[in-house]
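If you number the sequence shown the way the working numbering does, the last residue is 556 and the count never jumps.
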Amino acid sequence: MKPNQLLIKNGYVYDPINGINCERMDIAIKDGKIVEDKEINLQEATAIEAKGMVVFPGGIDIHSHMVGPVVGGALPIAPKEVQRALVLKQIGRLYAKMGWTMAIDPAVPPLFAKQAVMELNEIPIIDKAFYMLLGSNWLMMEYVKENLFDKFSAYVSWLLRNLRAFAVKLANPGGGELWSWHYDLQSLDDVIPYFNVTPREILNTIIKANEKLALPHSIHLHCNNTLRPGNASATMGSIKIANTLEAGNAERKQTMHIAHIQYNCYGGKDWDSMESRAEEVAKSINSTDKVTADLGQITFGETMFLSPDGCLVNRIATLFKETPLLNRDFENEDTCGGVKLTYSRDNPINSLQWAIGLELALLIDDPWKLSLTTNSPSGGLFTKYPEVICWLMSKEDRETVLKESPPTLQKTSCIAAIEREYDLYDIAVITRASPARALGISKIKGHLGIGADADVSIYGLNPENLTHHCLNRAFSGAAYTIKSGRIVVKNGEVVQDIQGQIMWTETRVDENLEKAMLNDLELILKRFYSLNFSNYMVPENYVQEGRVITPK
Ligand SMILES: [Zn+2]
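In structure tokens:
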């Protein structure tokens with residue numbers, strides 16, 4: 005069979021991992037990988053003329069709710085636009101249309117890994133993965149209580165391998181368990197009943213285990229007190245914990261990735277006195293290499309807020325006078341819920357949330373510490389990324405929103421005074437290079453150097469002449485999206501569905517240690533669970549196209 009060869013000619017290339025900033029150059033592709041020009045046969049290769057256009061690596065979404073029991077459970081009663089976008093077949097096509105080639109689901113309870121994998125198989129074109137929820141897991145808390153750090157590492161290693169999971173997610177650590185006792189966790193030092201452990205102890209143990217196993221991604225943390233006035237203190241407390249610990253994987257420096265950080269930078273005592281503390285949180289991120297974050301920017305309009313933090317779902321349902329669509333406890337593992345929401349420009353809380361997200365993005369000095377997300381669909385569907393990119397790149401675009409915002413915003417936020425505007429290089433960082441590095445996959449993804457996966461997006465944008473209209477249009481429909489060396493989108497339209505890969509992490513610990521851990525797990529399953537061992541296991545043949553990442 006003839007090799008599949010492509011040559012992308014004369015584009016303005018943005019490839020931050022390789023330090024390339026708007027350089028006119030060609031990109032050669034052979035059999036799904038980026039290669040040197042001389043390796044392809046020019047007579048046989050398909051040529052793409054990219055003169056006057058920009059060439060990016062494929063986009064990577066580090067946090068997007070797509071599968072699992074919450075999305076599936078809430079979708080039938082979600083707003084129509086969310087329903088249409090989150091049809092599994094549609095997710096991959098909509099991402100590809102925008103030039104994104106990978107997305108990760110952040111909230112799968114371990115016992116629902118099978119369902120998640122089956123659903124991920126159905127998402128075409130893009131590569132996919134999921135994080136497993138461990139924040140209120142009973143065996144985890146048992147091990148933290150008894151200080152059985154090694155056994156806990158064995159548990160994480162066994163779960164990742166058998167669930168086909170990519171990384172560890174903690175949502176409101178300890179908070180899900182406390183919530184089932186009808187308490188709302190308020191601080192890093194609240195004690196979880198029976199287990200007598202605190203979120204601080206959970207974070208410390210889990211980060212140490214994560215780094216001892218040298219997992220590709222750091223822990224992925226949905227902080228305690230998410231979406232609560234005054235929560236910036238807990239966020240900065242968590243950052244301090246990350247600061248004291250060392251990363252075990254050389255590909256990244258961070259020991260903690262904070263998910264949708266916009267929801268975690270609030271000041272004030274209650275919703276009436278809520279104000280931005282983005283500046284302080286940005287400062288503490290500026291002063292450390294141990295933390296990365298994704299934005300969780302909100303956009304305006306109707307959407308569905310989904311979260312593995314059941315307590316939080318109840319809190320916002322009460323605030324916005326909505327009934328949760330769903331809120332569940334998953335055995336002894338975690339909670340998950342969803343509620344319908346409309347973010348309005350003239351609502352003082354929503355407009356402040358909008359401002360806080362942008363303040364963070366513009367006040368965190370180093371874009372390598374940030375990834376672009378809307379916590380889709382919670383802050384707005386991922387299809388709204390072009391709009392967020394425009395706000396980041398244009399003060400004028402922000403001012404259009406500010407004109408319609410409540411006057412209170414002038415007192416509660418400093419967004420109006422911020423002059424900074426992102427350039428295309430910064431956008432390539434927060435949508436490609438930074439998520440790839442934070443995930444520990446920057447050797448294979450997020451760049452256009454020799455040997456990288458041939459995931460490329462080409463946008464009809466002239467870097468010399470950027471306007472709101474052309475930015476929004478270009479990022480909404482890529483001129484070309486190339487996935488694994490195949491042209492999947494042309495002129496903003498999907499031209500073929502291919503099967504992307506599901507990526508997971510495999511790591512091993514001492515066999516006897518794993519056996520001892522499995523005895524504990526069996527005991528806890530027999531005593532407290534309605535499901536059993538086999539519910540966890542995702543057989544290899546469940547995964548249509550798989551790719552194992554092995555920590556070095
Ligand atoms: Zn989320």
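Using N, Cα and C, we set each Cβ at its ideal position, and we do this for glycine too.
Residue closest to residue i, alpha-carbon to alpha-carbon, out of the options
i	options	result
S242	D276, P220, A297	A297
H224	Y187, Y463, A483, A246	A246
D514	D154, K344, A286, Y463	D154
P203	Q190, D109, P177, N545	P177
V493	L522, A420, W104	W104
L143	S534, G342, E544, L522	L522
P467	M397, K447, D194, G496	M397
A107	L124, F116, R232, A117	L124
I360	A286, P110, I210, K447	A286
A117	K373, I52, F170	F170
A100	K487, T509, T554	K487
L316	H69, K93, L189	L189
V71	Y533, D430, Y135, Q47	Y135
H226	N200, T485, I393, G180	G180
P7	G489, G384, P233	G489
R319	Y463, Y187, D109, M122	Y187
D57	E146, A483, Q500	Looking at the sequence shown, residue 57 is not Asp but Met. Looking at the Cα atoms, A483 is the closest of the given residues.
Residue i burial status per 10 Å Cβ neighbour count (16 or more: buried)
i	result
S538	exposed
T346	exposed
T239	buried
G23	exposed
R512	exposed
G455	exposed
K519	exposed
T50	exposed
R424	exposed
P439	buried
R28	exposed
F309	buried
W395	buried
N336	buried
N268	buried
K415	exposed
E391	buried
L527	exposed
Nearest-angstrom beta carbon gap, residue j and residue i [assumed within contact, 8 Å]
i	j	result
L406	Y18	Not a contact, Cβ separation roughly 29 Å.
I33	Q9	7 Å
N235	Y270	5 Å
P114	L452	In fact, because the Cβ distance is near 36 Å, the residues do not count as touching under 8 Å.
T339	G314	3 Å
L364	Q258	Not quite, the Cβ-Cβ distance comes to about 16 Å (not below 8 Å), so this is no contact.
S382	S311	7 Å
I506	V547	5 Å
W183	P197	Not confirmed; about 11 Å, so no contact.
Residue i: first and last residue of the uninterrupted alpha helix (DSSP H) it sits in
i	result
Y147	142-150
M521	515-532
S288	282-290
Y546	Unbroken run through Y546: none, as it is neither H nor E.
C394	389-397
S161	153-167
G361	352-367
P110	No alpha helix (DSSP H) contains P110, which is instead part of the beta strand (DSSP E) from 104-112.
S461	That residue, S461, is in no alpha helix (DSSP H); its beta strand (DSSP E) goes 460-463.
G305	Taken as a continuous stretch (DSSP letters only), G305 belongs to no alpha helix (DSSP H), being part of the beta strand (DSSP E) at 305-311.
I243	236-247
K415	413-416
N-terminal and C-terminal residue of the beta strand (DSSP E) that residue i is part of
i	result
D65	63-65
H224	223-226
Q9	9-19
I262	260-262
L174	171-175
M278	Where M278 is concerned, there is no enclosing beta strand (DSSP E), given that its DSSP letter is neither H nor E.
R436	First-last for R436: undefined, no H or E at that position.
C26	24-34
R512	Looking at the DSSP string, R512 is not in any beta strand (DSSP E), and its letter there is neither H nor E.
L316	From DSSP, L316 is part of no beta strand (DSSP E) but of the alpha helix (DSSP H) over 314-323.
L137	131-137
For residue i, the residue or residues it bridges with in DSSP
i	result
L330	G342
R477	DSSP lists no partner for R477.
K93	Answer is none; K93 lacks a bridge partner.
R551	M507
L374	A297
A51	L11
T485	S461, V493
C201	According to the sequence as given, residue 201 is Val; it is not Cys. DSSP output for V201 lists I196 as bridge partner(s).
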